[in-house]
Amino acid sequence: MKNQLPPLNDPSPVILPKVMEKEHSDFCQKPPASSSPSYNTRNESEVDFDPHSLGKENGIGCCGAAMHVMRSTVGSGILMLPYAMKNSGMFSGTALILFVGVLYYHIIHILGSTDYYLCKLLKLESLSFAGVMRRGFHEVPYPINKLETVVPHLALLSMELNHITSSRKSDKYDPVKGDDQNEQNILQHGLPSGIGYWGSVTHIVRTAVGTGILLLPLEMKNLGYVSGTLLLLAVIFVYYHILHILLDLDSRLRKHFNFKRLTYALVVDKIFLISPSPFRLFRKPLLFVVYIYYIVPNGESMALIIISENIQQMVKYHGINLSFTVIITCLSVILTTFCMFRSILKILVPFSSASNLCTFAIAIVIIVYSIIYRNSTVQLHPFSGNVNSILRSMAVYLNSVLSTNIILPVNNAMKEPHQMRSTLGSLNMSAFIIVLFYTIFALITYLNIGDNIQENILATIPISNFLLLSINFVYSLALTVPYVLFFFSCFDVIWSSKLENHFAGSKYKYIIEYSIRIGYNALAYFLALGVSNLALIATISGVVSILLDIAMMPLLQLLLLHALKETNYWLTLKNVLLIFICSILFLLSAIDCVNEVKKLYAS
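Residue numbers are given in UniProt numbering: position 290 of the sequence shown equals residue 290, and the series is strictly consecutive.
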């Protein structure tokens, strides 16, 4: 899911360069050699695609896929749900989260269907996102086609930042001048034995629990616990419906175009490639916006804010008063220093899984602690009826549950990928666990703490004993691990795939390399310092996700149905309504976010 700090050790979508490259060499995605799209060319060794036999050799099972999906969904976002419930009220908040959940997972269903037919149409077992992007940009009018050599690299970067491909680069790898055989072999060799049903559920759940969960009690306060709970449920319901659309698109594209495996970004690109000419004109600008959205380090910025607030509480417990600016500056310097040494990966990679599981365990500890030490004078905030509160909470909820880019890699890594789409498959199982856990966390913590809740629930509970001190310390330490790993995943795409060869003979090579390292960390620092409001960063991220994660799926499904000359009036009506509703919500939410940013700087 974008906008969070997902674990970088997860097998299918997350592989760090030069650390796990021997075990996952085939995750690297390479574009085709031909500069023009070819729908009918096939490799002589290519066999007919059978979607029913996909993944049986080394794939993961239904339970493994469910655990994988759950582990990647339950992460940073859940921490913000109670805060969103507070802002929108209990009834409206619950209704909104249900709505967003249904909407989003329907979009995922569309994407999965599109992927299935796209693979069959192009008669390829698999495709790289960057390679398809290069083909598509070659066909568009001047001057947009000038981006032909730029966008594939942005595609690789976006996939790395969202952990949907490996960042390993082989000696012969070039993201623009690949070959068709390499493209057909993308992701064909995942884990040696694949992951099972519960492994996939664990993967999705673990990834979803991170920085975002800390905001959930505050959203409960803003909405009221009834409306906040209903909105949370609605958002998750809509979101998982969108994920089912993604899987539906994936199935349709692979069946129709003979692709074996696709990524989320590749599905988007291929559908626009075969869409009518008026839509192809928007392909490059839209994809460029998507890539820019994905490379903004809002996840690192949220981690910096949370860690700094926790440190501020810990030093205050020992009688030391330090300002937030001083703490976040020192923290950024320390983390930037860590990012200067690749050897630190040997230490951090083995602990990445434990660090993400710690965030899940601490969320459970917070629930238990709020019950034991319940405030006897709790005041609950009724919903004010403010529409803007609902919009903000919906964006926060959506940011908390996003895991779009992990769904297809999880499906590819399962022993039996078809179980991902079954009624009791891993996707639905992970949705049930996330709904249950998010709702319990947001509702119970808000009911026991009340209106005193702040954006970061850890900052709401003053440190008065060793247990609370340990919780703040462990949670902060856990967030530093994915921060550094996430940086290297991004950096290797920027540097290794393009710039390193360009500056190979330059005497300024190392200066440029380390300047990029410092620059990316500086961007995360200034974003956190400039918008130090944790809820506002999550809201902005969620608002953009309404357009790029939710509205994108029904649009892709409409374009694919048109390209395949299929008529389905129900799907057409439903998708048009989804696009219209998402567009209205995006505009209203964007206006509200702009006003909130103005208020922040005015104060």
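Positions of the beta carbon are idealized from the N, C-alpha and C atoms, including for glycine.
The model shown is predicted, which means the values in this text are computed figures rather than measured ones.
Residue 80 by DSSP, collapsed to three states: which one?
coil
Using the C-alpha atoms, what's the distance from residue 87 back to residue 390?
7 Å
Answer with buried or exposed for residue 319, where buried requires no fewer than 16 other C-beta atoms within 10 angstroms of its C-beta.
By the neighbour-count rule (16 or more Cβ atoms within 10 Å), residue 319 is not buried but exposed.
Rank 471, 359 and 592 by C-alpha distance to the C-alpha of residue 537 and give the top, closest one.
592
Decide if the region 340-354 is in contact with the region 195-202; the criterion is three or more beta carbon pairs, one per stretch, under 8 Å apart.
No: the two stretches stay apart, fewer than three of their Cβ pairs being nearer than 8 Å.
Can you grab the Cα-Cα spacing for the pair residue 388 / residue 585, in whole Å?
10 Å
Thinking C-alpha only, which one of 282, 255 and 97 is nearest residue 552?
Among 282, 255 and 97, the Cα nearest to that of residue 552 belongs to 282.
In its own chain, which residues sit with a C-beta less than 7 Å from the C-beta of residue 648, not counting the 5 before and 5 after it?
With the chain running from 1 to 603 in the structure shown, residue 648 is simply not present.
For residue 530, does the count of other Cβ atoms within 10 angstroms reach 16, so buried, or fall short, so exposed?
exposed
By DSSP, does residue 261 sit in helix, in strand, or in coil?
strand
Return the chain-ordered list of same chain residues with a C-beta closer than 7 Å to the C-beta of residue 304, the five sequence neighbours on each side being excluded.
328, 331, 332, 524, 525 and 528
Using C-beta distances below 7 Å, list every residue in its chain close to residue 340, excluding the 5 sequence neighbours before and after it, in chain order.
Result list for residue 340: 514 and 517, in chain order.
For residue 556, which of 215, 96, 539 and 265 has the nearest alpha-carbon?
For residue 556, the closest C-alpha among the options 215, 96, 539 and 265 is that of 265.
Where does residue 482 land, buried or exposed, given buried means 16+ other C-beta within 10 angstroms?
buried
Do residue 101 and residue 544 have their beta-carbon atoms positioned less than 8 Å apart in this structure?
no
Taking the alpha helix (DSSP H) that residue 410 falls in, what are its first and last residues?
Where residue 410 is concerned, the enclosing alpha helix (DSSP H) stretches over 404-413.
Which residue wins for smallest C-alpha separation from residue 80, given the options 233, 357, 438 and 505?
438
Thinking just about the alpha-carbon of each residue, which of 429, 375, 560 and 98 is nearest to the one in residue 205?
429
Out of 486, 261 and 228, which one is the CA nearest neighbour of residue 418?
261
Using three-state DSSP, classify residue 579 as helix, strand or coil.
helix
I need the straight-line Cα distance from residue 83 to residue 299, nearest angstrom please.
18 Å
Buried or exposed: residue 451, going by 16 or more other Cβ atoms within 10 Å of its Cβ?
Classification of residue 451: exposed, given that the 10 Å Cβ count is below 16.
From the DSSP output, in three-state form, read off residue 177 for me.
In this predicted model, residue 177 has a pLDDT of only 38, less than 50, meaning its place in the structure is not dependable enough to derive any value.
Please confirm whether residue 98 has its beta-carbon closer than 8 Å to some beta-carbon of chain B.
Absent from the structure: chain B. Only one protein chain is present.
Work out the CA separation of residue 484 and residue 595 for me, nearest whole Å.
Between the alpha carbons of residue 595 and residue 484 lies a gap of roughly 33 Å.
Report the three-state DSSP secondary structure of residue 453 (helix, strand or coil).
coil
Which one of 598, 221, 296 and 408 has the shortest CA to CA distance from residue 253?
408
So what does DSSP say about residue 320, is it helix, strand or coil?
coil
Just reading off the alpha helix (DSSP H) that residue 512 is part of, what are its end residues?
509-530
Taking buried to mean at least 16 other C-beta atoms within 10 Å of its own C-beta, is residue 508 buried or exposed?
exposed
Count the other CB atoms within 10 Å of the CB of residue 465; is the residue buried (16 or more) or exposed (fewer)?
exposed
The alpha helix (DSSP H) spanning residue 538 covers which residue range?
From DSSP, the alpha helix (DSSP H) with residue 538 extends over 534-545.
So, with DSSP's three-state summary, where would you put residue 195?
strand
Are there 16 or more other CB atoms within 10 angstroms of the CB of residue 258, so buried, or fewer, so exposed?
buried
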